[in-house]
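Residue numbers (this note's numbering): 818 to 1534.
Shown next as structure tokens:
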């Protein structure tokens, strides 16, 4: 504890202790106040200014220290100063004292509570940041909640001090007024408990709930205006309609069918969406071929003569197509119809919040889920409209290897594809605007990847901005694409015969009636959803890339459960989507996987942490496999084994991160991982050894010193 906190705690403790030790609470009784009312009133009239100042100071101290007696002081305020002055003095003194109590709780306890319970209080803090004034006003108006407890608890929240002050001033006024009026009839009072009758308590409680009742009424009126242009069907064809048969749509419809709802899945193109047809599946098939090429380069290290075999690019791409065909049945119409999902081929368009039109056929449903995914971002680059560029969608049609591939974008997609194609023997130059690859990762992680990609033949240009693209078909052998780059005052021109755009993806929100309906979008261009995945129309929900905030297949599937359950059973209970533990993996060599915070994010958010690292060069299986490059790093709460985040750089990182995901999801610390038996020799043992490193750094040194002396004594030394 800091010196300032210790001093404040000591002063407050002394004041509270003196209050009870000197039996000062005996002076704050109704009978004593009534007995000395005439004498006190005479002194107040003779020394009004001094009396008002003394009373205010006494009230502020009593409230700030959360001492008993505030109710008696409120009664005394009006009995001695009159209703008008009493209300004025009590109102400001009580608010000032409450604010001092609030600040004391924040200064003494907020940091400790955040460190210990930060993850559990995240939802509460987000709610307070958004609606803190409404929460506080309701609590202040309802007399059932002790005011001193509100002061202390509010100090642990992120509510602004100015907001706390004015809301408290306003919220305590009705209750203060009731007590001040009662104080004007002090002589006839027999107990302070008689002041608030059950009817008065009910009235004040209703007043406290009034802001929320009005807010709810306002929302209902707004929703009614929103629905006014449309007629809600008296009955519905389906319980749920889903637009888009990618990961989010497939899982949503499957869950609905599993609970026997009538559900239809509408897809205008191919079942399986981007992941199966142009994303995860083909890219991983390509990466597997590239990995074989990489292993051939290590033939000498593994005891073989160097291999001279070269990649047959057309054959590699045909294998990619074959892999897609083999996986297709998992996402096929036949399979999902067998599961109870009606699959409809066609383009859907909203005609009302409950109705879609699909190729002239009108379908109605109580709820509709948008799962339309995303598409590659195409930048506004001068001259680009003349260039026959590639994206992660169209790359898979290639059968002739590029003579020189230019890649714009050093994120996960750009790095995976650039490295894979370079390993297949294609000259590749990658351009990234940021000063490192994978801008969201720590610099050390990005540098490890950059070094390996350079060894694999990728020319990396980080910190360069593309300013223009040109396409000039020329004589045979010449490269037709020219890309002009700038970095500060430097300029250069790249030449290639293919240009791959890998600059991220944008949500598919156009072309199916959202604009006409007025469904709200975020500044990022995704469909705006609340914590329950509903849009501004309660009957319309959205999942996956079209909603965000992450663009992962597994994240879309995770959201799908919440969307399906909230749509089908939301009238009974809705579940808020939980995004606390979301893993991510980049399938480059080395693989990069992480969950939770990394150093960069923790430092940016001001979250204290301890970092523990284990280098794969010390792992037996990694040495045996020739995969010793990389590391595991875990961030924990200082002094505790609770995991804040984990990063793995190395072979099969995407597989090995799962243990940390499980631990974080179920709040298991590194101690639990350390006590779990891992098969030997495996790469997963690295997770256990990392936990062992943390344990060694937190050894009970005093206890071990005592044990050493004990063993010495046992030896007779």
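Glycine is no exception: its CB is placed at the ideal position from the N, C-alpha and C atoms.
Considering only their Cβ atoms, is the gap separating residue j from residue i smaller than 8 Å?
i            : j            : result
residue 1406 : residue 1234 : no
residue 1074 : residue 1156 : yes
residue 1320 : residue 1309 : no
residue 1190 : residue 1129 : no
residue 1188 : residue 1063 : yes
residue 1195 : residue 1080 : no
residue 1229 : residue 1247 : no
residue 1400 : residue 1425 : no
residue 1186 : residue 1236 : no
residue 1404 : residue 1471 : yes
residue 927  : residue 1053 : no
residue 1212 : residue 1283 : no
residue 904  : residue 997  : yes
Any idea what DSSP makes of residue i, helix, strand or coil?
i            : result
residue 1119 : coil
residue 1184 : strand
residue 1369 : coil
residue 928  : helix
residue 1309 : strand
residue 889  : helix
residue 987  : helix
residue 1382 : helix
residue 968  : helix
residue 1532 : coil
residue 858  : helix
residue 953  : helix
residue 1463 : strand
residue 1175 : strand
residue 1341 : coil
residue 1047 : coil
residue 977  : coil
residue 1169 : strand
residue 1004 : Since pLDDT at residue 1004 reaches only 49, below the 50 mark, its modelled position is unreliable, and no value is offered.
residue 1125 : coil
residue 1351 : strand
residue 1012 : In this prediction, residue 1012 has a pLDDT of 49, which is less than 50 and means its spatial position is unreliable; nothing more can be read from the coordinates.
Roughly how many angstroms separate the alpha carbons of residue i and residue j, rounded to a whole number?
i            : j            : result
residue 884  : residue 873  : 15 Å
residue 1226 : residue 1153 : 36 Å
residue 1484 : residue 1449 : 19 Å
residue 1239 : residue 1477 : 32 Å
residue 982  : residue 993  : 15 Å
residue 1377 : residue 1070 : 9 Å
residue 1438 : residue 1446 : 12 Å
residue 1084 : residue 1059 : 9 Å
residue 822  : residue 919  : 14 Å
residue 1391 : residue 1467 : 40 Å
residue 957  : residue 947  : 18 Å
residue 1349 : residue 1383 : 7 Å
residue 1260 : residue 875  : 57 Å
residue 1486 : residue 1451 : 11 Å
residue 1286 : residue 1203 : 8 Å
residue 1039 : residue 1217 : 57 Å
residue 897  : residue 1420 : 56 Å
residue 1107 : residue 1281 : 27 Å
Going by alpha carbons, who is nearest to residue i out of the options?
i            : options                : result
residue 1143 : 1093, 1056, 1284, 1486 : 1093
residue 887  : 899, 901, 906          : 906
residue 1464 : 1206, 1411, 860        : 1411
residue 1460 : 1416, 1496, 982        : 1416
residue 830  : 1203, 1269, 925        : 925
residue 1174 : 1163, 1132, 979        : 1163
residue 1145 : 1089, 1184, 1361       : 1089
residue 1359 : 1057, 859, 923         : 1057
residue 1133 : 1429, 1204, 1118, 1109 : 1109
residue 1365 : 1388, 1197, 1323, 1242 : 1323
residue 1431 : 1204, 1506, 1285, 1343 : 1506
residue 1258 : 1414, 921, 1469        : 1414
residue 862  : 899, 1388, 892, 1503   : 899
residue 802  : 1296, 1206, 1262, 1250 : In this structure the chain extends from 818 to 1534, so residue 802 is not present and cannot be described.
Any heavy atom of the ligand ADP inside 7 Å of the beta-carbon of residue i?
i            : result
residue 1262 : Questions concerning the ligand ADP fall outside what the structure shown contains, since it holds no ligand whatsoever.
Open item on the list: Runs of 4 residues minimum, wholly inside the region 1071 to 1109: which ones carry the alpha helix (DSSP H) assignment?
Closed with: 1090 to 1094
- [ ] Go through the region 1192 to 1263 residue by residue and report every complete run of the alpha helix (DSSP H) that reaches 4 residues or more, in order.
- [x] 1229 to 1240
- [ ] Kindly provide the ranges of any beta strand (DSSP E) runs that are 3 or more residues long and lie completely inside the region 1391 to 1450, ordered along the chain.
- [x] 1401 to 1403, 1409 to 1413, 1427 to 1432
Open item on the list: Please give the ranges of any beta strand (DSSP E) in the region 1142 to 1166, keeping only runs that are unbroken, at least 3 residues long and fully inside the region.
Closed with: 1158 to 1162
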